[in-house]
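Visitor: Sharing a structure below in structure tokens format, with a few things to ask.
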Amino acid sequence: MSDAGSQHRICHIELDEKSIIRRNADIDHERRVAIFDLLEKNHYEPVEDLPGQYQGPFKVRLRMEDNRLAMIVRTEADQELTTILLPLSILRKTIKEYFQICDSYFAAIKSASPRQIETIDMARRSLHNEGSEILLDRLAEKVKIDFHTARRLFTLICVLQIR
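Numbering (my numbering), first residue to last: 21 to 183.
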């Protein structure tokens with residue numbers, strides 16, 4: 021994993037506000053935590069040669085384009101470098117199941133036993149890990165990221181997918 025001094029990292033990330041369909045306090049909290057954690061520790065290294073052989077750090081903007089994730093990659097000085105497109109069809113089932121288990125988790129917090137909450141939370145984390153692994157695999161030919169970065173990106177993709 022890269023630290024704050026590494027070139028191969030995201031130094032700024034944002035979600036396209038027009039791509040966010042639904043907002044509430046829980047969603048905004050998850051978005052803020054994922055962004056904070058991502059910026060604290062990440063590894064992000066585009067595979068293709070970038071203009072000027074730029075190595076990083078990178079500013080990344082996430083948005084939805086026709087059921088695809090678009091990662092607009094810029095220099096630290098805000099010069100556009102490339103756009104990485106990722107069809108989300110491969111993640112759709114995992115995201116749907118993740119939303120369902122999250123709904124169960126939030127409902128369980130109100131009335132379930134600690135053991136039931138823990139069981140649901142384990143399933144929730146397992147689905148989150150599954151989505152992160154799929155993301156790692158699908159992005160491998162376009163950008164090198166570590167598992168921690170994939171987990172945070174998966175969270176942010178989910179924020180863009182909430183209906």
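No residue lacks a Cβ here, since even glycine has one placed at the ideal position from N, Cα and C.
Every value quoted in this text rests on a predicted model; they were computed, and no experiment measured them.
Can you give me the C-alpha to C-alpha distance between ALA90 and THR139, rounded to a whole angstrom?
Guide: Here residue 90 is taken as the residue at index 70 of the sequence shown, counted from 1. Here residue 139 is taken as the residue at index 119 of the sequence shown, counted from 1. Looking at the two C-alpha atoms, the distance is approximately 34 Å.
Visitor: Which first and last residues belong to the beta strand (DSSP E) in which ARG88 is found?
Guide: For this step, residue 88 is matched to residue 68 along the sequence shown. Here the beta strand (DSSP E) through ARG88 covers 88-95.
Visitor: For PRO71 and ARG83, I'd like the C-alpha separation in whole angstroms.
Guide: Here the question's residue 71 lines up with position 51 in the sequence shown. Here the question's residue 83 lines up with position 63 in the sequence shown. About 22 Å.
Visitor: What three-state label does DSSP hand GLU37 in the structure shown?
Guide: Sequence index remark: in the sequence shown, residue 37 carries index 17 (1-based). Note: GLU37 maps to helix in three-state DSSP.
Visitor: Contact between the region 119-126 and the region 92-106 is defined here as three or more beta-carbon pairs at a separation below 8 Å; is this criterion met?
Guide: Cβ pair count under 8 Å is below three, so no.
Visitor: Which of the three DSSP states, helix, strand or coil, is assigned to PRO107?
Guide: Residue mapping note: residue 107 aligns to position 87 of the sequence shown, counting from 1. PRO107: strand per DSSP, three-state reduction.
Visitor: Give, in chain order, every unbroken run of the beta strand (DSSP E) that is at least 3 residues long and sits entirely within the region 140-175.
Guide: Segments of the beta strand (DSSP E) lying fully in the region 140-175: 163-165.
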